[in-house]
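Numbering (this note's numbering), first residue to last: 41 to 355.
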Ligand SMILES: [Zn+2]
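Right, here's the structure in full:
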């Protein structure tokens, strides 16, 4: 159901962090102005020239206008998603009617731990679960990661739906969309639906992917390729793989825990993260024994090994 001016968001089709969205409708009338990355014109051809005062690492920003025509595609995409859902053999899976949150969490964790080829018929069940449980951040986050394992048109459509909902909120969130392992296989759908994306895959690779701006603690990650510990923690791992820090944040929000003291908050969130790692069968790593590998960056930056420094100071 939609009017010519507004579109009602189908909340069972969006996942964490959009699951917390309080807004119910999207205006189909107005343009949106969004900021996207662009190659800096001043230090062009010399990417990562840190002397440039106009940009950060050769990458600047520009504004793009997104027309209502793009937001109207949500109706088309939603209809396609619902049609695809009907085609799935959902009888293959007993619909879970788990009333117990912990059982449900274990069930979803198990899918992520096994990471075997997930049957696409499971999609109907996952979307049904998201419909019932979308208010629970941890569940919605797991579901968003479970669907990444599945090679199916429906997953691509869900990601496209999420991308356009984000654009309507004036956000560009291209990572979940472009990092999908089967992206190339279903890319043709954007042409079929005549959707012009604000950034192309090439622009994404050049301007979003290859930025060594974040190196997180490797205790936060659980690589999809199961090679653990990860040799390289890249922006891709941070944004796409299962992230234990994010799960800990979700669980804290779900249990409505709030801390008065920031130091205690950091400590307890880390403890919770480690507890969740253990639930996934990963033991806590003794960081003193295990030498952390500093990710290799493609550029000649001097990476400071903080642990080494700390040790030197202590000596
Ligand atoms: Zn520049």
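Virtual Cβ for every residue (Gly too), placed ideally from N, Cα, C. For clarity, every value in this text was computed on a predicted model and none was experimentally measured.
- First and last residue of the uninterrupted alpha helix (DSSP H) at residue 208: 193-208
- Message: Assuming the contact rule is C-beta atoms closer than 8 Å, residue 178 and residue 287 should be a hit. Round their C-beta distance to whole Å, please.
- Response: 6 Å
- Query: Going along the chain, which residues of its own chain have a beta-carbon closer than 8 Å to the beta-carbon of residue 11, five neighbours each way excluded?
  - Reply: What is shown of the chain runs 41 to 355, which leaves residue 11 out entirely.
- Could you tell me if the beta carbon of residue 94 falls within a distance shorter than 6 Å of some heavy atom in ligand 2? Among the ligands modelled here, namely ligand 1, ligand 2 does not occur.
- Message: Extract the residue ranges of the beta strand (DSSP E) inside the stretch 43-114, only unbroken runs of 3 or more that lie entirely within it.
- Response: 46-48, 65-67, 72-79, 99-106
- Query: Around the Cβ of residue 281, are there at least 16 other Cβ atoms within 10 angstroms (buried) or fewer (exposed)?
  - Reply: buried
- Task: Please determine, among 244, 215, 258, 200, the residue with the shortest C-alpha to C-alpha distance to residue 234.
- Result: 200
- Task: Give the C-beta separation of residue 78 and residue 101 to the nearest angstrom, bearing in mind that I take them to be a contact with Cβ-Cβ under 8 Å.
- Result: 7 Å
- What is the C-beta distance between residue 195 and residue 220, in whole angstroms, given that I count them as a contact (C-beta under 8 Å)? 7 Å
- Beta-carbon proximity of residue 74 to residue 104, cut-off 7 Å: yes
- Where DSSP assigns a beta bridge to residue 282, which residues make up the other side? 262
- Message: Just verifying my parser: in three-state terms, what is the DSSP assignment at residue 237?
- Response: coil
- Query: residue 398 to residue 207, Cα distance in whole Å?
  - Reply: Here the chain comprises residues numbered 41 to 355, so residue 398 is not present and cannot be evaluated.
- Task: Assign residue 98 to buried or exposed, taking buried as 16 or more other Cβ atoms, counted over all protein chains shown, within 10 Å of its Cβ.
- Result: buried
- Task: Using the Cα positions of residue 242 and residue 278, report the straight-line distance between them to the nearest angstrom.
- Result: 20 Å
- Task: Could you name the residues of the same chain whose beta carbon sits closer than 8 Å to that of residue 163, not counting the 5 residues immediately before and after it, in chain order?
- Result: 125, 128, 187, 190, 192, 194, 195
- Message: Suppose the cutoff is 7 Å on Cβ atoms and the five residues either side in sequence are ignored; what does the same chain contact list for residue 226 look like?
- Response: 193, 196
- At a cut-off of 6 Å, is residue 153 close to ligand 1 when judged by its beta-carbon and the heavy atoms of the ligand? no
- Return the Cβ separation of residue 115 and residue 47 in integer angstroms, given the expectation that the two are a contact with Cβ distance under 8 Å. 6 Å
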